[in-house]
Every structure is written in structure tokens, then in C-alpha cells.
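Numbering (this note's numbering), first residue to last: 698 to 1047. C-beta: ideal position from N, C-alpha, C; glycine also. The structure under discussion appears below in the form of C-alpha cells.
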Amino acid sequence: MTRPRRFDANLVVIGAGTGGLVSAYVAATLKAKVVLVESDRMGGDCLNTGCVPSKTLLRSARLMMEIRHAASFGIDCGAGSADFAAVMARVRRAIATIEPHDSAARFRGLGVEVVQGRARLASPWSVAVTTDGGAVRTITTRSVVIATGAAPTVPRIPGLDQVGYLTSETIWDLATLPKRLLVLGGGPIGCELAQAFARLGAQVTVVDSAPHLLTREDPEVAAAVAAGLRADGVVLLTGRQALRCERAGEAGRLVVAATDSEGETAIEFDRLLCAVGRTPRVEDYGLEELGIRVNAKTRMIETDAYLRTSRPHIYAVGDVAGPYQFTHTAAEQAATATMNAVVGEFKRSR
698 MTRPRRFDAN LVVIGAGTGG LVSAYVAATL KAKVVLVESD RMGGDCLNTG CVPSKTLLRS
758 ARLMMEIRHA ASFGIDCGAG SADFAAVMAR VRRAIATIEP HDSAARFRGL GVEVVQGRAR
818 LASPWSVAVT TDGGAVRTIT TRSVVIATGA APTVPRIPGL DQVGYLTSET IWDLATLPKR
878 LLVLGGGPIG CELAQAFARL GAQVTVVDSA PHLLTREDPE VAAAVAAGLR ADGVVLLTGR
938 QALRCERAGE AGRLVVAATD SEGETAIEFD RLLCAVGRTP RVEDYGLEEL GIRVNAKTRM
998 IETDAYLRTS RPHIYAVGDV AGPYQFTHTA AEQAATATMN AVVGEFKRSR
């Protein structure tokens, strides 16, 4: 693979989520020639399916909870009920309000070339972008920042496809509040959405194979969250292994077994939410062909302290690099990686 003598860009950024947007912004501020490639919606998970919609939903749910307890403060609010369709409309308005800040128009105004299409690393110094129309454009570049993010993990449970399931990406398409919501997974996303839907009036059950919720948190923090969920009416079934899904008329049924026994229990639901984690997007854009190392256990791209991959001028940031899949981690990594990519010859930061 021959390094080009001239380049079309100083930096190509793959992915326009938090990591990609911050990378493009920093590079543009440094007056670098930067190309930002996105195959889906600008703003990534944070704007469209993560931080913004979930926190908006939580605020409505919290208000509903406070209305139910208003009498203890000496305020009569009546019975109170949630209009789920109106709540979801408010979620969409929140996204629309913030959307212009992450838009292609804004970044073009900053001097970033925004290309809509699917990127592939054609060589260590070139990125091939396939547009929706099928045309392919190859961009040569001095450096690349990979910010492809992660996608919801769907567990391999027999019958899951037959009963249907939601993820943290598709749950925002719900038009009506499910009477019985089963949440598979007791991590941050599962706990967050379980509380919101319970406070809005759904009967929520959380199933997790771990002995308690939020296994990465301090035990007292996990216990406090569990107590809060129970106070909101959420049924917590920890230490349960999901065995299979079945149809039960119009509803679905999840068959589980306690990890310390052989007995089976069936839990009926109207909608099932899979919230068992997120898998980094590391496939189908040329990592293997270029020998860019991916951790066999975490499936994250391996990087050094400067966020360089095994190809030193190709960097990785955000959920695809880890170790923490947080928006603010992605932003910090993106700023560091971009500075290293653009001015690393003069000053490099860990």
C-alpha cells in the first residue's frame, strides 16, 4: 500500500455522533481540511436514540410521579394520568430543538465537508464512500478518526424474533404505552427506561442474569437504584437466565430459570425491551483488511494512550474504542485524538 504524495484532506472522520462531531469541530477550528462521513442521521445515538430522548422521557415520568405524590405536599392535582402519545411528541420536539446544533448545515458553515454515505477504509490513507445512489467516491487523507459508535446487543434467545422486541433505538417509535413491559437487562439503559415507563403507568418487570442490578456500580449505589425502582412498582427478577420466548395469544411469554435452580417460570408481556448492552460497530468498513486490531473480548478497537490504532495515523474514539461508552468520554477522546492527528507532529497529548 503506497502512501499518496498528495492528499484530498487532512482528516476524514467516520461517524457523526458525539465523537465524530467533536472531531470535525476541533479539526475545523484548527483550519484543517476535514471530511465528515455519516451513513445515517447526524447527531448519532446521543441526539436521536440516547441522551436527549431518554432524559426528556425521564423528565415527563418524574413529573407524573410527583403529581401522584402531590397530596403529601398539600397540593390537590386529582388522579392524574399520562398521555403517552403527547409525551412521545414532546420527546420528538426536544430532538428537533437540538437537531440544528448537530446538523450538516451547521458543520458545513464551520468549514467541514459533510458527505452522506457509507465509508470504508480502502487503504491506510484513503476512504471510499458509497452514497445512497451507489456512486463511490475515494478520499485520500493524512489521518482518519473512526467514530462509528455502537449498536444495541440482541441476545440469542430461541423464539425472540417470533415474539418481537424493542431496543433502545426502536422504543421511540412506540405510539401507545404498553400495559406490560418486560425489560431484559438490568444495566443503565434497562433501569432508566424501566423507571420511566413504570412512572408513566406501565406494569414493568426487569429480568437480569446477574445477582443484582448495575453490576459495574458500587454495591450501595446499585441497592439504592433497586430500592427506587421497587418503590415505583417495578418487579425485579435478578439471577434469572432467559431460556426462550413463546407466543401467548396476542401477548408474548419469556421463560426464565433461576441460576441456582432448575425450575422454570414464564413471564407474560405485551412488549419486550432488549437492554443487555451495546456492541461496538467494527464490521464491514475495512478494519480487518488493514490489520487494525479489535479486542477479541470487548469487540472494541484497540488504541494506545494517544488513541492511535495499530495503524498510527488512524485513530478511534467513543463507543467503538471504549473503555467507557459515555457521551462525555467520546467528546474528550475526540478532542484529544483530533489534536494528535492534526498537530501531533508538534504537540501530542495523552
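Given this structure, state the Cα-to-Cα distance separating residue i from residue j, to the nearest angstrom.
{"i": "residue 695", "j": "residue 701", "result": "Because residue 695 is not part of the residues shown, which for the chain are 698 to 1047, the question remains open."}
{"i": "residue 903", "j": "residue 911", "result": "12 Å"}
{"i": "residue 962", "j": "residue 920", "result": "24 Å"}
{"i": "residue 859", "j": "residue 969", "result": "12 Å"}
{"i": "residue 715", "j": "residue 1038", "result": "18 Å"}
{"i": "residue 950", "j": "residue 829", "result": "39 Å"}
{"i": "residue 803", "j": "residue 720", "result": "14 Å"}
{"i": "residue 933", "j": "residue 881", "result": "11 Å"}
{"i": "residue 820", "j": "residue 831", "result": "20 Å"}
{"i": "residue 824", "j": "residue 744", "result": "26 Å"}
{"i": "residue 898", "j": "residue 886", "result": "19 Å"}
{"i": "residue 734", "j": "residue 826", "result": "8 Å"}
{"i": "residue 959", "j": "residue 851", "result": "25 Å"}
{"i": "residue 981", "j": "residue 768", "result": "56 Å"}
{"i": "residue 1019", "j": "residue 722", "result": "21 Å"}
{"i": "residue 967", "j": "residue 698", "result": "54 Å"}
Using alpha carbons as the reference points, say which of the options lies closest to residue i.
{"i": "residue 792", "options": "746, 943, 852, 1000", "result": "746"}
{"i": "residue 888", "options": "759, 858, 838, 923", "result": "923"}
{"i": "residue 1029", "options": "1047, 783, 907", "result": "1047"}
{"i": "residue 713", "options": "762, 781, 810", "result": "810"}
{"i": "residue 1021", "options": "982, 820, 974", "result": "974"}
{"i": "residue 953", "options": "906, 787, 993", "result": "906"}
{"i": "residue 867", "options": "750, 779, 852", "result": "750"}
{"i": "residue 833", "options": "790, 816, 800, 845", "result": "816"}
{"i": "residue 838", "options": "986, 704, 1001, 993", "result": "704"}
{"i": "residue 988", "options": "994, 1001, 1006", "result": "1006"}
{"i": "residue 869", "options": "930, 788, 913", "result": "788"}
At a cut-off of 8 Å, is residue i close to the ligand MN when judged by its beta-carbon and the heavy atoms of the ligand?
{"i": "residue 879", "result": "For the ligand MN, the structure offers nothing, since it holds no ligand at all."}
Leaving out the 5 sequence neighbours to the left and right, which residues in its chain are closer than 7 Å to residue i when beta-carbon positions are compared?
{"i": "residue 748", "result": "1024"}
{"i": "residue 765", "result": "777"}
{"i": "residue 996", "result": "976, 977, 979"}
{"i": "residue 797", "result": "803"}
Compute the distance between the beta-carbons of residue i and residue j, then report whether it is under 9 Å.
{"i": "residue 901", "j": "residue 836", "result": "no"}
{"i": "residue 1041", "j": "residue 1031", "result": "no"}
{"i": "residue 728", "j": "residue 708", "result": "no"}
{"i": "residue 762", "j": "residue 896", "result": "yes"}
{"i": "residue 781", "j": "residue 926", "result": "no"}
{"i": "residue 1012", "j": "residue 842", "result": "yes"}
{"i": "residue 863", "j": "residue 983", "result": "no"}
{"i": "residue 726", "j": "residue 807", "result": "yes"}
{"i": "residue 736", "j": "residue 856", "result": "no"}
{"i": "residue 740", "j": "residue 846", "result": "no"}
{"i": "residue 1003", "j": "residue 1027", "result": "no"}
{"i": "residue 1057", "j": "residue 890", "result": "Look at the range of the chain in this structure, 698 to 1047, and you will see that residue 1057 is not part of it."}
{"i": "residue 844", "j": "residue 1017", "result": "yes"}
{"i": "residue 998", "j": "residue 940", "result": "no"}
In chain order, what residues of the same chain have a beta carbon less than 6 Å from the beta carbon of residue i, not counting five sequence neighbours either side?
{"i": "residue 682", "result": "No statement about residue 682 is possible, as the shown extent of the chain runs from 698 to 1047 and does not include it."}
{"i": "residue 909", "result": "919, 935"}
{"i": "residue 758", "result": "893, 896, 897"}
{"i": "residue 840", "result": "708, 1010, 1038"}
Residue ranges of each beta strand (DSSP E) within the region 989 to 1046, 3 or longer: 1011 to 1013
Threshold first: 3 residues or longer. Then list the beta strand (DSSP E) segments lying entirely within the region 948 to 996, N to C. 948 to 955, 961 to 966, 968 to 971, 975 to 977
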